[in-house]
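Structure first, commentary second.
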Amino acid sequence: MEKQPKPPPLLLLSSQLSFQNRVCEVTLNSAFLSWKEVETRPKRTSGNIYGPLKAAGSHYVPVCEIISVQETEEDCPSTDTGKWQKVPQSVAESNQHAFTVSYVERTQKHRWRCSEVTLHCTDRTLCLQWVQAIREQLSLLTIRPKHLLVYINPYGGKHHGKRIYEQKVAPIFSRASISTDVIVTERANHARDHLKTEADLKKYDGVVCVGGDGMFSEIIHGLISRTQCDSGVDQDCSDEPLIPCSLRIGIIPAGSTDCICYATVGSNDPVTSALHIVVGDSQPMDVCSIHHNKTFLRYSVSLLGYGFYGDVLTDSERKRWMGPARYDISGVKTFLSHRYYEGTISFLPADENVGTPRDKLQCRSGCDICRLPSADKQVSKDEESVSDTETKGVWKVIRGKFLAINAACMSCACPRSPKGLSPSAHLADGTADLILVRKCSRFDFLRHLLRHTNKDDQFDHPFVEVYRVRQFRFTPRYEDTDSELDLRETEGSGRKRFFSQICREHPACSCSLAHSSWNCDGEILPHAAIQVRVHCQLIKLFARGIEEQSVFEEPYAFSAI
Ligand SMILES: CCCCCCCCCCCCC/C=C/[C@@H](O)[C@H](COP(=O)(O)O)NC(=O)CCCCCCCCCCCCCCC
Ligand SMILES: Nc1ncnc2c1ncn2[C@@H]1O[C@H](COP(=O)(O)OP(=O)(O)O)[C@@H](O)[C@H]1O
Ligand SMILES: [Ca+2]
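If you read the sequence shown in this note's numbering, its first letter stands for residue 267, the second for the next number, and so on.
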């Protein structure tokens, strides 16, 4: 369908108001609120007392980035005490009638701030007319949430979740007239279980998660399971398309890695996240489902990692008390142990039109690749096409010894690695990037790891392969047909058991243990043999993807006009 050209914005109100004791021409149309200084007095310049009349800078705020408008209570001297006090607008001096508009301002590194402008009017009627006109425009923004369900993990990251929410986020929600029901979790899986069975979801326009990637994982498990349950979809059936969740999820970062927030917003700043929620942003996201035989295990949206990241996580769980630093300590320890694992990976490559993990086309706000109608997107609309699309692709099989097998549904950018595990992975294209790091020397592995922190290409090593996939399977070499859990308990044959024991006692030795574990968004999976499938755009976040640099470097593209 051809796009119709947008009609020009409709002029709604225009007056001369004062801003910081200067007269401004203030205009509201259906797209922007703008104010521009009107030079009333001639400027004194050396040599010529009547300098040229100059219009100072104009400011434009898109209506969709206005947070709120309020009639302002001016500070006036109190008649009896001589002290300054707040007085209601009705008793203030006639030239003290004012209203304050709060709006989004972009600062460095994709961060947003709440900025304010107070505009003074000559009379109250005009002031109220302005407040009403702006409020009317805001009420047309129906994508904005009005009532939210908030879950806070008080023990995530540095245990600051509750404080972050109360001090930085709640005031923004209340300014934007968003009401909330807040639940501070009392145990792991509290939020998941509440969402799955108890929460009255019809009451809300979205769910907010205050915590890290693990807490977000709880929220999506609750929401996805609830949605499937309500629609009669069996999660154990790995071929069945899943039903997308209708409620959007907001993440207030208060965890250890916060990569889901960082990769969808561009920063791990709670105020920025709160403002993306207020303006009602929407970012669809892919979700991987993970099965072991015919049993559903978990969903993953960020890192699904076997070998290195699995071992880092297993070790770090014992060091939770250290907070986020646990990952660095366990990272060094795991790096030194230099363990590799044998197994077989088979995968279904993605269609070529979604690009490749090495094409340097990063997923950004409004990403063209994520908007393509992919094969997987059609699957969710038309169940019959499932077998069609899946038999069309040819599965590829790779056997070997691996230091790490990582699947990233999105870039996994985070403060430790600002470009992420797979810098060109897309948030919502229905694919994951599968990264295989084969057995190599410690030095080479270190070079590979270091490239996650600089501009060099971490895939440009002979021992690293990367594929864009829609599905994959992994089978560890020593797979027991009945249950590999039993195998783990008994550690297989006597010889293997003997060597495994030695390796555990001498972790610096570079050799193969039977199994590692899968790190699934920071949770350990109970099985090594898994089947994974990417579900395109199964969930939606209150985010818009990372904005292009030019948009956030200048406060707003029009502000310098
Ligand atoms: C030499 C420095 C190398 C730095 C390499 C950094 C690569 C980092 C990629 C991180 C991808 C993160 C993907 C996200 C996973 C999260 O879902 C998940 C859960 O998050 P949550 O706790 O907030 O709930 N987080 C994680 O699993 C944490 C993974 C963190 C891994 C850190 C690894 C550090 C490695 C340091 C090796 C140092 C070798 C030094 C040798 C002298
Ligand atoms: N009240 C609670 N007590 C203990 N654990 C909790 C609680 N609420 C959530 N959790 C669990 O804490 C784990 C880590 O949470 P997360 O917020 O991701 O922090 P971090 O990023 O530090 O790992 C998650 O697995 C989550 O299920
Ligand atoms: Ca993806």
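Even for Gly, the Cβ is constructed at its ideal location relative to N, Cα and C.
Because the structure is a prediction, the values reported are computed rather than measured.
Start and end residues, alpha helix (DSSP H) containing residue i
i	result
Ile-526	525 to 531
Met-481	479 to 497
Val-537	536 to 544
Arg-458	456 to 459
Ile-595	592 to 603
Trp-396	390 to 405
His-558	That residue, His-558, is in no alpha helix (DSSP H); its beta strand (DSSP E) goes 549 to 558.
Leu-716	708 to 716
beta-carbon residue i near ligand 3 non-hydrogen atom, thresh 7 Å
i	result
Thr-697	yes
Cys-883	The requested residue 883 does not occur in the structure, where the chain is confined to residues 267 to 827.
Cys-675	yes
Ala-691	yes
Asp-479	no
Asp-552	yes
Near ligand 2: residue i beta-carbon under 7 Å from a heavy atom
i	result
Thr-523	yes
Thr-530	no
Arg-453	yes
Asn-785	no
His-456	yes
Tyr-421	yes
Gly-788	yes
Glu-484	yes
Span of the beta strand (DSSP E) around residue i
i	result
His-386	378 to 387
Val-732	730 to 742
Gly-631	It is worth fixing the name first, because residue 631 is Ser in this sequence and not Gly. Careful: Ser-631 lies outside any beta strand (DSSP E) and carries neither H nor E.
Ala-698	698 to 704
Gly-573	569 to 573
Phe-285	277 to 285
Arg-514	514 to 519
Val-335	332 to 337
Ser-368	363 to 372
Arg-209	Look at the range of the chain in this structure, 267 to 827, and you will see that residue 209 is not part of it.
Phe-613	607 to 615
Glu-290	Sequence check: residue 290 is Cys here, not Glu. Run containing Cys-290: 288 to 295, per the beta strand (DSSP E) assignment.
Val-327	324 to 328
His-793	Run containing His-793: none; DSSP gives neither H nor E here.
Residue i CB to nearest heavy atom of ligand 1 below 7 Å
i	result
Cys-527	no
Leu-712	yes
Thr-678	Position check: residue 678 holds Cys in this sequence, whereas Thr was assumed. True, at least one ligand heavy atom lies under 7 Å from that Cβ.
Asp-594	yes
Phe-844	Because the chain spans 267 through 827 in this model, residue 844 falls outside it and cannot be assessed.
Val-730	no
Ser-683	yes
Tyr-575	yes
His-604	no
Ser-512	no
Leu-563	no
Leu-669	no
Thr-580	no
Leu-406	no
Val-598	yes
His-376	no
Val-296	Reading the sequence as shown, one finds Ser at residue 296 and not Val. No, the Cβ of Ser-296 stays beyond 7 Å of every heavy atom of ligand 1.
Phe-601	yes
Closer than 8 Å to chain C by CB, residue i
i	result
His-793	Judged by its chain identifiers, the structure shown contains no chain C, having just a single protein chain.
Is it the case that the region 397 to 409 contacts the region 496 to 508, given that we only count it when at least three CB pairs across the two stretches are under 8 Å?
No, the region 496 to 508 does not touch the region 397 to 409.
With a threshold of 8 Å, are at least 3 pairs of Cβ atoms found where one atom belongs to the region 443 to 458 and the other to the region 545 to 561?
Touching, no, given that fewer than three Cβ pairs across the two stretches are closer than 8 Å.
List, from N- to C-terminal side, the alpha helix (DSSP H) runs of 4 residues or more that fit wholly inside the region 416 to 455.
Listed in chain order, the complete alpha helix (DSSP H) runs (minimum 4 residues) inside the region 416 to 455 are 427 to 430, 436 to 441.
Three or more C-beta pairs under 8 Å: does that hold for the region 683 to 703 against the region 537 to 545?
Short answer: they don't touch.
Within the chosen definition, does the region 387 to 401 reach the region 273 to 291 through at least 3 CB pairs nearer than 8 Å?
Yes, the region 387 to 401 touches the region 273 to 291.
May I ask you to verify whether the region 692 to 706 touches the region 800 to 807, counting CB pairs closer than 8 Å and requiring at least 3?
These segments touch.
With three or more beta-carbon pairs closer than 8 Å as the criterion, would you say the region 472 to 481 touches the region 412 to 428?
Counting Cβ pairs under 8 Å, three or more are found: they touch.
Sufficient close CB pairs (3 or more, under 8 Å) joining the region 428 to 447 to the region 477 to 496:
They do not touch, by the three-pair rule.
Is the number of C-beta pairs between the region 573 to 592 and the region 624 to 636 that are closer than 8 Å three or more?
The answer is no - the region 624 to 636 does not touch the region 573 to 592, with fewer than three Cβ pairs under 8 Å.
So, do the region 600 to 608 and the region 424 to 437 have three or more beta carbon pairs nearer to each other than 8 Å?
Flag = no, the region 600 to 608 and the region 424 to 437 do not touch.
Contact the region 603 to 619 vs the region 504 to 524: 3+ CB pairs below 8 Å
No, because fewer than three Cβ pairs between the region 603 to 619 and the region 504 to 524 fall closer than 8 Å, the two stretches do not touch.
Can at least three beta-carbon pairs, one atom from the region 697 to 714 and one from the region 729 to 736, be found at a separation below 8 Å?
Counting Cβ pairs under 8 Å, three or more are found: they touch.
With a cut-off of 8 Å, do at least 3 Cβ pairs link the region 791 to 798 to the region 581 to 589?
By the Cβ test, the region 791 to 798 is not in contact with the region 581 to 589, since fewer than three Cβ pairs between them sit closer than 8 Å.
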